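Below: the structure, in structure tokens.
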Amino acid sequence: MIHAVLIFNTSGVPRLTKFYTPLRAESQPLLQKIFQLVSTRPASLCNFLDAPELQNLLGSKIGDEVRVVYRNYATLYFVFVVDGAESELGILDLIQVFVECLDRSFENVCELDLVFHFDDVHHILAQVIQGGLVLETNVDVIAQAVDEASLARKTSFLSANPLALGTGSGPRSSTLQTPLNWLTGKLGGIGAR
Amino acid sequence: MATTMRGLTQFIADIRGARVRELEEKRINKEMANIRKKFKDGNLDGYQKKKYVSKIIFTYILGYKVDVGHMEAVNLISSHKYSEKQIGYLAVTLLMHENSDFLRLVVNSIKKDLDENNEINNCLALHAIANVGGQEMAEALAEDVHRLLISPTSQSMVKKKAALTLLRLYRKHPDVIPAAEWAMRIVSIMDDDDLGVVNCVTSLVMALAQDHPEAYAVCYQKAVDRMERLIMEREYSATYAYYKVPSPWLQVKLLRLLQYYPPSDDSTLLRILQDVLQTIMNNSAEQSRNVQHNNAQNAVLFEAISLAIHLDSRSPLVGTAAVLLARFISSKETNVRYLGLDTMAHLAARVDSLESIKKHQGTIILSLRDKDISVRRRALDLLYSMCDVDNAELIVGELLQYLKIADYNLREEMVLKIAILTEKYSTSYKWYVDTILQLINAAGDHVGEEVWYRVVQITTNTEDLQPYAARVVMEHLRSPSSHESLIKVGGYILGEYGHLIANETGYSPSDQFSVLHSKSQFCSAPTRALLLSTYIKWVNVFPEIKPHLVAVFERYRHVLDSDLQQRACEFYALASRPEDDELLQNVCEEMPPFPPRESTLLGRLNRKMGDTGDKRIWVHGGKEANQEHEAARKATRKPTLLDAQPTVSSPDGTNGETILDALAGLDLSAPTEAKSELIPPIPPLTHGANVDRWFEKLSCSNDGVLYEDVQLQMGIKSEYHGHLGRIAIFIGNKIASPLTSFTATLHVHDPDALSVSFAKIPPTTIMARTQVQQLLQVELKKPFNQNPLLTITFLAGSLQTVTLRLPILLTKFIEGVKLGPSDFFERWKVIGGPPREAQVVFPITLNDVGQVDTLKNRTVISGHRFTLLDDIDPNSSNLVGAGVLHTSASGKVGCLIRLEPNGDAKLCRLTVRSTSEEVASGVLEILRSQLSAPPSFA
Chain S
3 MIHAVLIFNT SGVPRLTKFY TPLRAESQPL LQKIFQLVST RPASLCNFLD APELQNLLGS
63 KIGDEVRVVY RNYATLYFVF VVDGAESELG ILDLIQVFVE CLDRSFENVC ELDLVFHFDD
123 VHHILAQVIQ GGLVLETNVD VIAQAVDEAS LARKTSFLSA NPLALGTGSG PRSSTLQTPL
183 NWLTGKLGGI GAR
Chain U
20 MATTMRGLTQ FIADIRGARV RELEEKRINK EMANIRKKFK DGNLDGYQKK KYVSKIIFTY
80 ILGYKVDVGH MEAVNLISSH KYSEKQIGYL AVTLLMHENS DFLRLVVNSI KKDLDENNEI
140 NNCLALHAIA NVGGQEMAEA LAEDVHRLLI SPTSQSMVKK KAALTLLRLY RKHPDVIPAA
200 EWAMRIVSIM DDDDLGVVNC VTSLVMALAQ DHPEAYAVCY QKAVDRMERL IMEREYSATY
260 AYYKVPSPWL QVKLLRLLQY YPPSDDSTLL RILQDVLQTI MNNSAEQSRN VQHNNAQNAV
320 LFEAISLAIH LDSRSPLVGT AAVLLARFIS SKETNVRYLG LDTMAHLAAR VDSLESIKKH
380 QGTIILSLRD KDISVRRRAL DLLYSMCDVD NAELIVGELL QYLKIADYNL REEMVLKIAI
440 LTEKYSTSYK WYVDTILQLI NAAGDHVGEE VWYRVVQITT NTEDLQPYAA RVVMEHLRSP
500 SSHESLIKVG GYILGEYGHL IANETGYSPS DQFSVLHSKS QFCSAPTRAL LLSTYIKWVN
560 VFPEIKPHLV AVFERYRHVL DSDLQQRACE FYALASRPED DELLQNVCEE MPPFPPREST
620 LLGRLNRKMG DTGDKRIWVH GGKEANQEHE AARKATRKPT LLDAQPTVSS PDGTNGETIL
680 DALAGLDLSA PTEAKSELIP PIPPLTHGAN VDRWFEKLSC SNDGVLYEDV QLQMGIKSEY
740 HGHLGRIAIF IGNKIASPLT SFTATLHVHD PDALSVSFAK IPPTTIMART QVQQLLQVEL
800 KKPFNQNPLL TITFLAGSLQ TVTLRLPILL TKFIEGVKLG PSDFFERWKV IGGPPREAQV
860 VFPITLNDVG QVDTLKNRTV ISGHRFTLLD DIDPNSSNLV GAGVLHTSAS GKVGCLIRLE
920 PNGDAKLCRL TVRSTSEEVA SGVLEILRSQ LSAPPSFA
């Protein structure tokens, strides 16, 4: 099962934290530890890491085999903490799916999107993983589910604020057009490991 | 949406603007204080609550601890506005955990959202349960979740979420879920058209099947069928192809699920699986240039290899796999190397012969020096698994070498593994002691207590070893620096066995004392205490150094540590007693051998298995280790209904034999043991006057109706040649809508006697008003006495089950023979009376005119394929028949029958004589039940 999904930027600031098992201690030291584990590995090494040292920080019911599967996209690290029941390559593919979904719904996702639309990011993640298990892996289906939810949100927002000018539902509002384009070109495979 | 809340946007911008961490904290504290105040004042509208809760969530995501907002989140959940509800749910799933007190407050709102006819709200509610569901939610909501999962009106999205939510609840509180009862219904969803749904349900089935393998046995067939459709027939929607690989996640899951069951004994399923695995391996022969494509393909491949190993570690497929793996472990891609080593460790853990792996020993040892620690770990695991008596010295030697330069967090595990391997594969005690002492010397700090305890245990129990051990430990202690663990071992062994070597030069009592005592000043208190115990033992055996020892006790009587002081005082008193006192001798009696016990080392290594998630299907270590693991896994499995039933003793009362059989089974490999346990519970038979009548008719004829109701019609055509039979079952759907999730399973009571299997996996759907044909292959190996059963389940509105006896009887395999009177009587006499004769007298009903119904009797007997011999018995109503039963394992068995009805007494005597007792009684039983039946069809 997947125990945690985390996104860090290259300076170690968490941009998404989602734990599927209750933590034993506070999350900050754990986050730092994970980032330190991942960020010190050069690009040529594999995307998997055994991390028995995390066991004390994670919840008590986690088995022996804590593994960290991560992927680095430009300035962001996508880190999944999983146990022995998951296929490592499967998780690696799942990260790619998650990133493709983010990219699809934010149209060229950038770090700022993750910052200002943290709720949307969580909703997208919720369509991919639920309670630590893979829910859906088909990018089209995920995007459709996300669209339906945002439509419902838009409707409820408009019915509540008939005089509102902005619809408030577009994932990217006009005030925040700062795409960094960090992802385009990465998806094709050059830098995407 | 977040951006429509200006306050929130501002807050986020402020935090981003904070240059140092202190400023950021300050801004957050200010905001939290503000929020607390607002919440305290109360009177907030939905929008405001949403805004503040959003800020709290953002703060939480940054890693800060938040302690407000829970109540407001609970309120937001019950809002009618979706945007507020959504934020409320988000906060609940992020801020709360399963033991939160606040959760009690949301159960009702969640239940309401689950019951609502709005799938978006259903989804939110399901998602929340899946994230934070605990005991209370499980009890209150499991039924609702299950309803959403099986309801035909649920959309795919809802079904997927419901499946995973149910899984979560099951993992947390298995007692609330009637897993066995829901089994068929849940497994039937594996036939869903939406691969996403199949994926989620497979996750659920995987978890449930581990605990209830019998109830979920049918999922094996479903998984094989799905793999065949994905891989061989390439039947999937294009959107589910991930970089041209059809849903790799689903494939991995199905392949893993199949590994939870022992290899099937259905030859059809096995053949399909072989084809599927072969195709997967062929596909991966060509690596493409696209990274994602390779990843996905390899994910499937590695799982397929694992399954192939699980199915039969000697099959040619595994041979191919070994070649592939060898290529992988020297690949340039780090990921591939990593997984190659991992899978090879699985191979090493299962195969009988390690030869194919040993060929690559050099490469594997080189991998210990890979630049990536993840790869190094896997190489270590593999070396541990592939070690045996032949290569133990080499591998342990390499590991010891590597230990000196290994990463710190790898060392403890390495020490344990080296210690285990050394003990397990040591060919000489000498080598064992040398290696362990070297190990303690090289990695002192990482040597757990267990390691040196074990050395002491083994030395104590092995008399030949004692002098050698004492000598070697002494040599090690002489080196200028020795680790404390080594001093402990030294203290204990010299204390017990120092006297054995005291006469050799260089090992005199005073040498021993000076070497050991020179180290004591660098030791911790517990070690010194141990040394004191050593000294008192020496007082007993080495009177010549007693003054030195007593002096030591004297000095220690004044140390501050209470334990040391007490020991010193007691030992001092003991040592100062008069020479001829026997107390000291008695106290210092040599240690008795330890009772043989399991090595604590292995326990330590295996202790850390978690209890959540899916169980491992194999453990590191050799073949035996895996058999133990398998046995342990079975022992911990919850007892199911089937296990609780007392084992039925065989009818002829040879109970002692079955126990012997069971014992003999112990040394077979684990999977065969499991097989006998995995007979699925037999569903109750479908009853009805017609059902029995159809069955009886079919027992004496080859074609006819097997079953019919308003929805379904089943007919049979069969033919038998010798011990083989082929049965075509025609299944017709009589209604105007398709029967979906169609499943047909066979229950054969004794697969060793009779094998019945489908020629191919039955289709999962039967279209409206159509008929499908299924071919069954039957082989008689030995006589049997219970009819095989056919269970059919399908979805037509709800899940329906029909279970029928198949008209496969012992007599179907009989071939009639024509015998003359002399031949017949000769054979009849040769066979003789009981036990090879079976006889019964039973009442009969006469026909309309009050006479014995000879016509019916003739039909029955010839219907059961005996040749009627007319010229033997002068009485025309007495019937005599002969036949030969064909079996593949017990050869041909002759069988003679004689039927003597008596019209006046309304009784009939039936005698069957056969060269096999089993056949005689079996045939008797079959014929009796048919002959005594009222004349319904003659």
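Chains as they are written, first to last, in my numbering: chain S, 3 to 195; chain U, 20 to 957.
The beta carbon of each residue, even a glycine, is placed where N, CA and C say it ideally should be.
Note that the coordinates shown come from a computational prediction; the quantities given were computed from them, not determined experimentally.
Neighbourhood of residue i by C-beta, 7 Å cutoff - its chain only, sequence neighbours within 5 removed
i: S283(U); result: Y239, L289
i: D892(U); result: V899
i: C542(U); result: E503, I506
i: M176(U); result: E138, C142
Bridge-paired residues (DSSP) for residue i
i: L109(U); result: Partner(s): none; L109(U) has no beta bridge.
i: C9(U); result: Beyond the ends of chain U as shown, which are 20 and 957, falls residue 9(U); an answer cannot be given.
i: C914(U); result: G902(U), S933(U)
i: L773(U); result: L799(U)
i: T762(U); result: T812(U)
i: E919(U); result: R928(U)
Short CB-CB distance (under 8 Å) between residue i and chain U
i: S6(S); result: It is Ala, not Ser, that sits at residue 6(S) in the sequence shown. No, A6(S) lies away from the interface with chain U (no Cβ there is under 8 Å from its Cβ).
i: A154(S); result: yes
i: L47(S); result: yes
i: Q30(S); result: yes
i: L18(S); result: yes
i: T12(S); result: no
i: L33(S); result: yes
i: S158(S); result: yes
i: F50(S); result: yes
Residue-chain proximity (residue i, chain S), Cβ-Cβ < 8 Å
i: I196(U); result: no
i: N94(U); result: no
i: V466(U); result: no
i: E322(U); result: yes
i: I106(U); result: yes
i: G82(U); result: yes
i: A149(U); result: yes
i: N428(U); result: yes
i: Y444(U); result: no
i: S774(U); result: no
i: Y101(U); result: yes
Beta-carbon proximity list for residue i, same chain, < 6 Å, skipping 5 on both sides
i: V220(U); result: A182, I208, M209
i: T631(U); result: With a pLDDT of only 38 at T631(U), under 50, the local geometry of the prediction cannot be trusted, and no value is derived from it.
Cβ-based neighbour list, residue i, same chain, cut-off 8 Å, excluding 5 preceding and 5 following
i: V959(U); result: The structure shown does not extend to residue 959(U), since chain U is modelled only from 20 through 957, so no value can be given for it.
i: Y487(U); result: Y448, K449, V452
i: L127(S); result: V7, L18, K20, F100
i: S170(U); result: none
Going along the chain, which residues of the region 29-55 of chain U sit with their C-beta nearer than 8 Å to a C-beta in chain S? The residues in question are I31, R35.
Output the residue ranges of the alpha helix (DSSP H) runs that lie fully inside the region 145-216 of chain U and measure 4 residues or longer, sorted by chain position. For secondary structure counted as the alpha helix (DSSP H) over 4 or more consecutive residues, the region 145-216 of chain U holds these complete runs in sequence order: 154-169, 175-191, 202-207.
Using a Cβ-Cβ cutoff of 8 Å, what residues of the region 215-236 of chain U are near chain S? List them in chain order. Within the region 215-236 of chain U, contact with chain S at the beta-carbon level (separation under 8 Å) is assigned to G215, N218, C219, S222.
Of the residues that make up the region 101-118 of chain S, which ones have a beta carbon closer than 7 Å to any beta carbon in chain U? Interface annotation for the region 101-118 of chain S against chain U: V117, F118, criterion Cβ-Cβ distance under 7 Å.
Which whole runs of the alpha helix (DSSP H) in the region 10-75 of chain S are 4 residues long or more, in chain order? If we require 4 residues or more, the alpha helix (DSSP H) runs fully inside the region 10-75 of chain S come out as 29-41.
What residues in the region 133-145 of chain S bring their beta carbon closer than 7 Å to a beta carbon of chain U? Result list: G133, L135, V136, L137, E138, T139, N140, D142, V143.
Any C-beta of chain U within less than 8 Å: which residues of the region 73-99 of chain S qualify? Going along the region 73-99 of chain S in chain order, one finds D85, G86, A87, S89, E90, L91, G92, L94, D95, L96, Q98, V99 with a Cβ nearer than 8 Å to chain U.
Which residues, in chain order, does the region 260-273 of chain U contribute to contact with chain S at a C-beta distance below 7 Å? Those residues of the region 260-273 of chain U that come within reach of chain S (Cβ to Cβ, closer than 7 Å) are Y261, S266, P267, W268, V271.
What residues in the region 382-404 of chain U bring their beta carbon closer than 8 Å to a beta carbon of chain S? Listed by position along the chain: K390, D391, I392, S393, V394, R396.
Within 8 Å of chain U by C-beta, residues of the region 121-132 of chain S in sequence order: Answer set for the region 121-132 of chain S: D121, D122, H124, H125, A128, Q132.
Any C-beta of chain S within less than 8 Å: which residues of the region 301-321 of chain U qualify? Against chain S - using a Cβ distance shorter than 8 Å - the residues of the region 301-321 of chain U are N309, V310, Q311, N314, A315, N317, A318, F321.
Mind listing which residues of the region 177-195 of chain U have their C-beta closer than 8 Å to chain S's C-betas, in chain order? Result list: K179, K180, L183, T184, L186, R187.
Closer than 9 Å, Cβ to any Cβ of chain S: which residues of the region 341-358 of chain U, in chain order? For the region 341-358 of chain U, which is checked against every Cβ of chain S, the residues closer than 9 Å are E352, T353, N354, V355, R356, Y357, L358.
Start-end ranges of the beta strand (DSSP E) lying completely within the region 824-849 of chain U, minimum 3 residues: Correct list: 833-835.
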